[in-house]
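**Q** In this text, residue positions in the sequence shown follow UniProt numbering: the first is 1, and each later residue adds one.
One structure is given below, represented as structure tokens, and several questions about it will come after.
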Amino acid sequence: MAASNSKKKNGRNAVDEALAGATEKVLKQITELYDVGLSNTPGAMGLKAISESPLLKMNLRKPRKKITVMIVGNHSAGKSSFINWYIGEGIQKTGVAIETRGFTFVTSGKKRETLTGEATIRFYDFLEDFGKFEGIVHNLFTEISTSKEKNFICTDLIDTPGLVDGDMQYPFNVQDAIIHMAEHVDLILVFLDPIGQATCKRTMEVVEKLNQSPHLEKIHYFMSKADAVEKEHDRQRVLIQITQNLAKRIRNSHAFNLPTFYLPREDGSDPGIPNAIEEVCKEVDKAINMTVQKNLRQLKDDCEKVIIAIAEAVSKDREKKAANARNRFKGILFYALSLGMVILMVLLLAARILPSLCLVSEHLCEAAPAKFVVKLEPVVAEHFKLVGGVLLVTFLASLLIAKLTWQISHVFTKSDLKKLEEYKMYVKKIADQEKGLYEEYFKSLSNSEDR
Ligand SMILES: Nc1nc2c(ncn2[C@@H]2O[C@H](COP(=O)(O)OP(=O)(O)OP(=O)(O)O)[C@@H](O)[C@H]2O)c(=O)[nH]1
Ligand SMILES: [Mg+2]
């Protein structure tokens, strides 16, 4: 054990590090395909921009390139200490006093920095709703660390306020805030320590509420600070006590597991107690692996969605063009009919007034058409009002129908269609990249399992 530990750096060896690198690369490349597309292609465009283009008007949600792990537990359970150990940096204050009163996002970045609540909400867009909790903004922080330890580069860790009973006044409704945050995280680690208020009312209520929420499979329980209890039988007693308390509140109690862990001691001494700290890290790794697979699947699905949307848009456009042609034809027909009615009304009027005009000036009626019109006069004189009325009504009706039928929808121009075709080819190339990423990622996974 000691020998294998010596090969490892904070519980990780070179293969783990290589795998972490491959994972980070895949997650980053997936989000890049959404943001900038195939950067080595001229006119590169991200999948998101393509889907949101006015020709498609889709709304794709870009997958996140990191997972979020929330650590919940009673006061002094070692939540902040675990985060410090995981990233190999004393970023969070620890101690026996109630140290963490708010929510702190610990994330990796290029420069060490602390962000306040407002900036944190802007940094994590899913926190928009969270900011509405009364009193939360002033108790929300982001600590950016340059650490590259373990899988920190793919992980946002959330340190939460320690849960304690008694007169403790929280500046916001801590239970509701934790439950709300649970919706947005990928993994919830519940730490309960054998000497603190592991089974306090507040902690148990949070566990119960988390179990009622749809996030059951995100939750993993650990007994932390196992080395704080020296005697094995005392440790077993506390373990049973915590397990019994939890069993009443958790839904899948038959599959319940409470591994115990403690942080490696700074002086390197071994208390000789089994330590499941690797299991805590493995849960993080598992959540990352699942996220990689989920994001790869999402990328594939989104590419398919865009290709289907393009095909649908083109076929809808074809239908619209056919309907436009039909409507134009019908419209022209009815406009022609109304024009015919105008001509007939003019003829009718001419037949009515021409004979009287011929009496005044004979040469007006010398032309053959005029003679024909004059011949109609007896018929016209008898039915003038009726025929005139019919012609007028037909004229108005055909004009109205022509106007109503002339419904021309907006259709794609030739350049729009060309662009859609280009999008389709481009998205197919993105989908091909997904296959490559998938293979590359699983190759790195199998290499790590072969070791
Ligand atoms: N023996 C032992 N002590 C630990 C371990 N982890 C943390 N501690 C100590 O426990 C105390 C509380 O640790 P914190 O990390 O501040 O606990 P926390 O859960 O963040 O506490 P709050 O922020 O108050 O909720 C500190 O004095 C730590 O040094 C451990 O694995 N073993
Ligand atoms: Mg703390």
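For every residue, glycine included, the Cβ atom is placed at its ideal position computed from N, Cα and C.
#1: With DSSP as the reference, identify every bridge partner of residue 221, one or two as the case may be.
#2: Tell me whether residue 113 sits in a helix, a strand or coil according to DSSP, three-state version.
#3: With respect to the alpha helix (DSSP H) encompassing residue 302, which residues constitute its N-terminal and C-terminal limits?
#4: Evaluate residue 400 with the Cβ neighbour count: other Cβ atoms within 10 Å of its Cβ, from every protein chain shown; 16 or more gives buried, anything less gives exposed.
#5: DSSP three-state call for residue 78: helix, strand or coil?
#6: Among 280, 97, 30, which one has its Cα closest to the Cα of residue 64?
#7: With a cut-off of 8 angstroms on the beta carbons, I'd call residue 434 and residue 299 a contact; round off their distance for me.
#8: Skipping 5 residues on each side, what residues in its chain have a beta carbon closer than 8 angstroms to that of residue 58?
#9: Can you list, in chain order, the stretches of the alpha helix (DSSP H) that have 4 or more residues and sit fully within the region 114 to 197?
#10: Contact between the region 150 to 162 and the region 128 to 138: three or more CB pairs below 8 angstroms?
#11: Out of curiosity, what's the CA-to-CA distance linking residue 55 and residue 208?
#12: Would residue 246 pass as a contact of residue 223 if the rule is Cβ separation under 8 angstroms?
#13: Which residues mark the beginning and the end of the beta strand (DSSP E) in which residue 73 is found?
#14: Can you look up residue 442 in the DSSP assignment and give me helix, strand or coil?
#15: Going along the chain, which residues of its own chain have a beta-carbon closer than 6 angstroms to the beta-carbon of residue 220, five neighbours each way excluded?
#16: Would a C-beta distance cut-off of 8 angstroms place residue 78 and residue 193 closer than the cut-off?
#17: Using a Cβ distance threshold of 8 angstroms, determine whether the region 86 to 104 contacts the region 161 to 174, with at least three qualifying pairs required.
#18: In this structure, how does DSSP classify residue 103 when only helix, strand and coil are distinguished?
#19: What did DSSP end up calling residue 108 once you bin it into helix, strand or coil?
#20: Assess contact between the region 172 to 180 and the region 112 to 128, defined as three or more Cβ pairs (one per stretch) separated by less than 8 angstroms. Is contact present?
#21: Quick one: which unbroken beta strand (DSSP E) runs of 3-plus residues sit fully inside the region 204 to 260? Chain order, please.
#22: Apply the 10 Å Cβ neighbour rule to residue 398 and answer buried if 16 or more other Cβ atoms are within range, or exposed otherwise.
#23: When you compare each of 106, 111, 264 to residue 69 by their alpha carbons, which one comes out closest?
#24: Considering only heavy atoms of ligand 2, does any lie closer than 7 angstroms to the CB of residue 79?
#25: Please tell me whether residue 34 and residue 43 are closer than 8 angstroms, where the distance is taken between their beta carbons.
#26: Would you say residue 162 touches ligand 2, meaning its beta carbon is less than 7 angstroms from a heavy atom?
**A** Judging by the given coordinates:
#1: The count along the sequence shown starts at 1 and reaches residue 221 at position 221. Paired residues: 190.
#2: Translated into positions along the sequence shown, residue 113 becomes position 113. Reduced to three states, the DSSP call for residue 113 is strand.
#3: Counting from 1 along the sequence shown, the entry for residue 302 is found at position 302. Here the alpha helix (DSSP H) through residue 302 covers 277 to 360.
#4: One-based indexing of the sequence shown puts residue 400 at position 400. By the 10 Å Cβ count, residue 400 comes out exposed.
#5: Here residue 78 corresponds to residue number 78 of the sequence shown, with the count starting at 1. Coil.
#6: For the purposes of this step, residue 64 is taken as the residue at position 64 of the sequence shown. For residue 64, the closest alpha carbon among the candidates 280, 97, 30 is that of 30.
#7: Residue 434 sits at position 434 when you count from the first residue of the sequence shown. Residue 299 sits at position 299 when you count from the first residue of the sequence shown. Under the criterion of beta carbons closer than 8 angstroms, residue 434 and residue 299 qualify as touching, at roughly 5 angstroms.
#8: Numbered from 1 along the sequence shown, position 58 holds the residue referred to as residue 58. These residues qualify, in order along the chain: 51, 52, 305, 306, 309.
#9: Listed in chain order, the complete alpha helix (DSSP H) runs (minimum 4 residues) inside the region 114 to 197 are 117 to 123, 174 to 182.
#10: Too few Cβ pairs lie closer than 8 angstroms, so no.
#11: Sequence index remark: in the sequence shown, residue 55 carries index 55 (1-based). Sequence index remark: in the sequence shown, residue 208 carries index 208 (1-based). Rounded to whole angstroms, residue 55 to residue 208 spans 48 angstroms at the Cα level.
#12: Translated into the one-based positions of the sequence shown, residue 246 becomes position 246. Translated into the one-based positions of the sequence shown, residue 223 becomes position 223. Going by beta carbons, residue 246 and residue 223 fall outside the 8 angstroms limit.
#13: Residue 73 sits at position 73 when you count from the first residue of the sequence shown. Per DSSP, residue 73 belongs to the beta strand (DSSP E) from 67 to 73.
#14: The count along the sequence shown starts at 1 and reaches residue 442 at position 442. Under the three-state reduction of DSSP output, residue 442 falls in the helix class.
#15: Looking up residue 220 in the sequence shown gives position 220. Counting only Cβ-Cβ distances below 6 angstroms, and skipping sequence neighbours, we find 189, 283.
#16: Indexing the sequence shown from 1 puts residue 78 at position 78. Indexing the sequence shown from 1 puts residue 193 at position 193. Yes; because the gap between Cβ atoms is below 8 angstroms, this pair is in contact.
#17: Flag = yes, the region 86 to 104 and the region 161 to 174 touch.
#18: Within the sequence shown, the letter at position 103 stands for residue 103. DSSP places residue 103 within a strand segment (E or B) once states are collapsed to three.
#19: Taking the sequence shown and counting its residues from 1, the one referred to as residue 108 is at position 108. Residue 108 sits in a strand when the DSSP states are folded into three classes.
#20: No, they do not touch.
#21: If you keep only unbroken beta strand (DSSP E) runs of at least 3 residues inside the region 204 to 260, you get 219 to 223.
#22: Taking the first residue of the sequence shown as 1, we reach residue 398 at position 398. Counting of Cβ neighbours within 10 angstroms places residue 398 among the buried residues, the total reaching 16 or more.
#23: Within the sequence shown, residue 69 is the residue found at index 69, counting from 1. When each option's Cα is compared against that of residue 69, the closest is 106.
#24: Here residue 79 is taken as the residue at index 79 of the sequence shown, counted from 1. At least one heavy atom of ligand 2 is nearer than 7 angstroms to the Cβ of residue 79, so yes.
#25: Translated into the one-based positions of the sequence shown, residue 34 becomes position 34. Translated into the one-based positions of the sequence shown, residue 43 becomes position 43. In terms of Cβ geometry, residue 34 and residue 43 do not form a close pair [threshold 8 angstroms].
#26: In the sequence shown, the residue the question calls residue 162 occupies position 162. It does: the Cβ of residue 162 is within 7 angstroms (strictly closer) of some heavy atom of ligand 2.
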